[in-house]
Amino acid sequence: MTTLASVPPTASLIGPPARFRDLLASEWIKMRSLRSTPWTIILTVLFVIGSSAVATLTDNADPSGSADFLPHVTYPPAGYWTLTLVAGVIGALTVVSEYSSGLIRTTTVAVPARGSVVLAKAAVTAALWTAVGTAVSTGSFLVSQAILDGRHAGVPLTHPGVFRALVASALLAPVCALIGLGLGVLLRHGAATMVTSVFTLLMLPPMFSESDRWSADVNHAMVLAAWKRLIQNWEADPGSLGYTATVPGSWIVYALWPLITVALAVLVVRHRDV
């Protein structure tokens with residue numbers, strides 16, 4: 011006669027804890043499984059690069075004299091404001107869509123380490139939008155310079171200020187996407203997150219001018235203002251009445267915004283019920 015060994019009832023249900031690379035793979039599957047994401051990214055890339063081509067073709071600057079880098083046609087504001095908007099919204103939807111569908115409850119049950127889930131989302135979002143931003147920034151530069159070469163006004167990548175503008179424009183997308191993701195975790199509501207993202211990234215900077223010191227300081231702390239300063243290839247006029255942002259300060263703004271929003275998201279999600 012044999013007897014069955016006593017086994018804890020939950021022993022067969024408990025698997026090995028999820029590793030961080032498993033979370034990365036899971037978040038990547040979630041992101042690429044949404045049909046709207048690749049189409050949105052493709053259309054955004056085409057629009058931004060196309061805006062650079064249109065801005066270059068319609069630019070009436072005098073080509074006489076030595077060629078110089080023209081950031082306003084290589085990286086036109088209209089195209090990159092669109093990139094800012096789309097990246098921020100898609101980054102927010104990465105989280106908000108799970109809250110609205112209830113999938114976040116399944117995720118947190120499977121992975122109780124909620125902070126790790128947020129970090130995995132942030133890592134995948136940053137990697138994806140860095141690739142998108144690099145493609146857009148490089149494409150904008152190549153298209154605009156190809157058109158300018160026909161006017162004998164093109165510049166190489168080694169021209170002063172070009173590489174900094176290319177890197178700043180490439181990083182604009184992941185910075186905005188991570189800000190949107192952080193706001194999505196903090197607010198958890200679709201409409202509120204979208205409005206807050208648009209207001210913070212696009213509408214708030216123009217409200218503060220550079221004529222007063224305090225107003226200029228607030229303006230320079232905004233991501234869009236930092237991007238504008240980083241793509242400029244000229245120094246401020248010493249006789250100007252306005253206050254101009256510095257290049258190191260603008261890079262710091264680029265780093266602090268996503269770092270703070272994602273850190274707050276990790277902190278909040280650890281102490282809040284889903």
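If you count the sequence shown from 1, position 195 lands on 205 in this note's numbering, and the numbers rise without skipping.
Don't be surprised by glycine CBs; every beta carbon is placed ideally from N, CA and C.
Span separating the alpha-carbon of residue i from that of residue j
i	j	result
THR254	VAL228	12 Å
LEU93	PHE57	9 Å
SER150	TRP267	25 Å
GLU220	VAL121	47 Å
MET204	ILE189	11 Å
LEU23	CYS186	Low confidence applies here, because LEU23 scores a pLDDT of 43, under 50, leaving its location unreliable; read the following figure in that light. Roughly 40 Å between the two C-alpha positions.
SER110	THR256	41 Å
LEU251	THR210	At LEU251, the pLDDT of 47 sits below 50, so the modelled position is not reliable and the matter cannot be decided from this model.
PHE30	GLU108	19 Å
LEU53	ASP222	39 Å
PRO215	ALA88	15 Å
TRP38	ALA137	10 Å
THR68	VAL153	14 Å
TYR90	THR117	34 Å
GLN155	LYS238	20 Å
THR282	GLY112	Contrary to the premise, residue 282 reads as Arg rather than Thr in this sequence. Cα-Cα distance, rounded: 15 Å.
LEU44	ASN70	42 Å
PHE218	VAL233	13 Å
PRO166	ALA141	22 Å
PRO48	PRO258	34 Å
ILE114	LYS40	12 Å
LEU158	VAL99	33 Å
ARG161	SER207	40 Å
ILE51	ALA123	30 Å
ILE270	ARG174	24 Å
Alpha helix (DSSP H) segment containing residue i, residue limits
i	result
PRO216	No alpha helix (DSSP H) contains PRO216, which DSSP labels as neither H nor E.
LEU80	Careful: LEU80 lies outside any alpha helix (DSSP H) and carries neither H nor E.
GLU37	30 to 43
SER221	From DSSP, SER221 is part of no alpha helix (DSSP H); its letter is neither H nor E.
VAL233	233 to 241
Assumed close pair residue i, residue j - CB separation to whole angstroms, cut-off 8 Å
i	j	result
PRO86	ASN243	Wrong, their Cβ atoms sit about 15 Å apart, outside the cutoff.
LEU95	GLY143	Between GLY143 and LEU95 the Cβ distance is about 14 Å, and since that is not below 8 Å, they are no contact.
VAL195	VAL128	6 Å
Cβ-Cβ distance between residue i and residue j below 7 Å
i	j	result
HIS199	PHE79	no
VAL276	VAL146	no
GLY132	VAL279	Strictly speaking, residue 132 in this sequence is Ala, with Gly absent from that position. Not in contact: ALA132 and VAL279 (Cβ atoms no closer than 7 Å).
ALA102	LEU193	yes
ALA183	TRP139	yes
VAL83	ALA63	no
ALA231	TYR264	no
LEU240	SER225	no
LEU191	VAL105	yes
LEU274	ALA130	no
Helix, strand or coil at residue i according to DSSP, with G and I counted as helix
i	result
ASN70	coil
LEU251	In this prediction, LEU251 has a pLDDT of 47, which is less than 50 and means its spatial position is unreliable; what the coordinates show is noted afterwards. Here LEU251 sits in coil by DSSP.
VAL85	Here the sequence assigns Tyr to residue 85, which means Val is not the residue at that position. TYR85: coil per DSSP, three-state reduction.
HIS162	coil
ALA133	helix
ARG282	coil
HIS199	coil
GLN155	helix
SER292	The chain is shown only over 11 to 284; residue 292 falls outside these bounds and no answer can be derived.
GLY112	coil
LEU14	Low confidence applies here, because LEU14 scores a pLDDT of 48, under 50, leaving its location unreliable; read the following figure in that light. DSSP places LEU14 in coil when its eight states are reduced to three.
SER179	helix
PRO268	helix
LEU56	helix
PRO184	helix
VAL121	coil
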